[in-house]
Amino acid sequence: MADRWQNTMEHAVSAARRAGQVVCEALQDDRKVMTKSSSVDLVTQTDQKVEQLIIQSVKEKFPTHRFIGEESVAAGEVCVLTDDPTWIIDPIDGTTNFVHTFPFVAVSIAFSVNKQVEFGVVYSCLEDKMFTARRGRGAFCNGKPLQVSGQEDIKQSVIATEFGSSRDPEAVDKIFTSLKNILCIPVHGVRGAGTAAINMCLVASGCVEAYYEIGMHIWDVAAGSLIVSEAGGVLMDVEGGAVDLMSRRIVAANNGTIAERIVKEIDAFSPPRDDDPPPQK
Ligand code: LIP
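Letter by letter, the sequence shown follows residues 775 to 1055 in the working numbering.
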């Protein structure tokens, strides 16, 4: 049966690849670093330039579509997901890695209709790995099918997570409590690529059994969430139950057994949601 969004997804893949080329070229240049919510929440002119390149290329072809872009939201645009066709864009997932030339950076593009992700694209630029998923049609890396790990035993697992950009002592305490609890299950190891999108692609690829985090944003995980699901994985909130992509909380795992075991160890908290109204000035 013809896929209504195939042509749209092909545009997303081309846009992600072009964006990735710009990111890789910019890695050779002197990067002008700016900050957003704190001194460790970094952004560069390349983040802003790449997001605009993607948005302009989409607008030319799909003028009625809507956008949720990391840097557009940072510039004051609302972060609200409607039923309209919406592109959810992180131009450089792993901006801190990009600034420090730590070799994991990704362009993440998700496409949502009726509040459901129809396709996800994550381009790991330096690895030249194009991760894609179309709802109900599987997940792939450079065209090869992806399948999550078959591991059911948490003590035989490697888990991915990130410390995030909050330096609030209470939040950091909870992040480290969760990390200690999980490490001491014990698990084989804990890893972090420095980008949620690539961490989720590592789950989909069977390289790690799960990724969890509190503090990332919808643009970091929207594409990866479908890639994980279509590779046979599961998504869950950090306190169990359905994941809410606007909540800034996620567990993405190879199966429910591993996901539920991780949930038991997380010292949960609730950061401001992505769709919270901006604070009154
Ligand atoms: C990053 C996420 C990561 C999180 C970082 C940051 P960015 O996204 O991918 O999971 O821990 O704080 O939010 O800012 O590089 O696009």
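By construction, the Cβ of each residue, glycine as well, lies at the ideal position given by its N, Cα and C atoms.
**Asked** Cβ of Ser939 within 8 Å of any heavy atom in ligand 1?
**Response** In the sequence shown, the residue the question calls residue 939 occupies position 165. Checking every heavy atom of ligand 1 against the Cβ of Ser939, one is found closer than 8 Å.
**Prompt:** Who does Cys981 pair with in a DSSP beta bridge?
**Reply:** To locate residue 981, count along the sequence shown from 1; it is residue 207. According to DSSP, Cys981 bridges with nothing at all.
**Message:** Looking only at its chain, what residues have a beta carbon closer than 8 Å to the beta carbon of Thr809, apart from the 5 residues adjacent to it on each side?
**Reply:** Counting from one through the sequence shown, the residue named residue 809 turns up at place 35. Excluding sequence neighbours, Thr809 sits near Asp815, Leu816, Val817.
**Message:** Tell me which residues share the same chain as Thr869 and place their Cβ nearer than 7 Å to its Cβ, disregarding the 5 neighbours each side in the sequence.
**Reply:** Numbered from 1 along the sequence shown, position 95 holds the residue referred to as residue 869. For Thr869, where only same-chain residues beyond five positions count, the Cβ hits under 7 Å are Leu816, Val817, Thr818, Asp821.
**Request:** Return the chain-ordered list of same chain residues with a C-beta closer than 6 Å to the C-beta of Ser939, the five sequence neighbours on each side being excluded.
**Result:** In the sequence shown, counting from the first residue as 1, residue 939 sits at position 165. Taken in chain order, the residues that qualify are Val814, Asp815.
**Asked** Thinking C-beta only, is Thr906 closer than 9 Å to Val896?
**Response** For the purposes of this step, residue 896 is identified with residue 122 of the sequence shown, where counting begins at 1. For the purposes of this step, residue 906 is identified with residue 132 of the sequence shown, where counting begins at 1. Yes, they are a contact pair.
**Request:** Compute the beta-carbon to beta-carbon distance between Asp867 and Thr969, rounded to the nearest angstrom, for a pair I have assumed lies under 8 Å.
**Result:** On the sequence shown, position 93 is the one that residue 867 refers to. On the sequence shown, position 195 is the one that residue 969 refers to. That pair is a contact at about 4 Å.
**Asked** When the distance is taken between beta carbons, is Ile933 closer than 9 Å to Glu983?
**Response** The count along the sequence shown starts at 1 and reaches residue 983 at position 209. The count along the sequence shown starts at 1 and reaches residue 933 at position 159. Against a cut-off of 9 Å, the Cβ pair of Ile933 and Glu983 comes out as a contact.
**In DSSP terms, what Met1010 is bridged to** = Here residue 1010 refers to the residue found at position 236 when the sequence shown is read from its first residue. Paired residue(s): Val1025.
**Asked** Just the Cα atoms here: how many angstroms apart are Ile928 and Lys1055?
**Response** Here residue 928 corresponds to residue number 154 of the sequence shown, with the count starting at 1. Here residue 1055 corresponds to residue number 281 of the sequence shown, with the count starting at 1. If you draw a straight line from the Cα of Ile928 to the Cα of Lys1055, it is about 46 Å long.
**Asked** Should Gln925 be labelled buried (16 or more other beta-carbon atoms within 10 Å of its own) or exposed?
**Response** As a position in the sequence shown, residue 925 is number 151, starting the count at 1. When all chains shown are included, Gln925 counts as buried.
**Three-pair Cβ contact test at 8 Å for the region 853–868 versus the region 834–844** = yes
**Asked** Do the CB positions of Glu936 and Gly966 come within less than 9 Å of each other?
**Response** In the sequence shown, residue 936 corresponds to position 162, counting from 1. In the sequence shown, residue 966 corresponds to position 192, counting from 1. Cβ distance < 9 Å, so Glu936 and Gly966 count as in contact.
**Request:** Run the proximity test for Trp861: is its beta-carbon closer than 8 Å to any non-hydrogen atom belonging to ligand 1?
**Result:** Walking along the sequence shown from the start, residue 861 turns up at place 87. No - ligand 1 has no heavy atom lying nearer than 8 Å to the Cβ of Trp861.
**Request:** Keeping to the same chain, check which residues put their C-beta closer than 8 Å to that of Gly850; ignore five residues upstream and five downstream.
**Result:** Within the sequence shown, residue 850 is the residue found at index 76, counting from 1. These residues qualify, in order along the chain: Pro1052.
**Prompt:** When the distance is taken between beta carbons, is Ala1026 closer than 9 Å to Gly998?
**Reply:** Residue mapping note: residue 998 aligns to position 224 of the sequence shown, counting from 1. Residue mapping note: residue 1026 aligns to position 252 of the sequence shown, counting from 1. Closer than 9 Å, so yes.
**Ordered list of beta strand (DSSP E) runs contained in the region 834–858, each at least 3 residues** = 840–843
**Request:** Could you have a look at Met904 and say whether DSSP puts it in helix, strand or coil?
**Result:** Sequence index remark: in the sequence shown, residue 904 carries index 130 (1-based). Of the three classes helix, strand and coil, the one that applies to Met904 here is strand, per DSSP.
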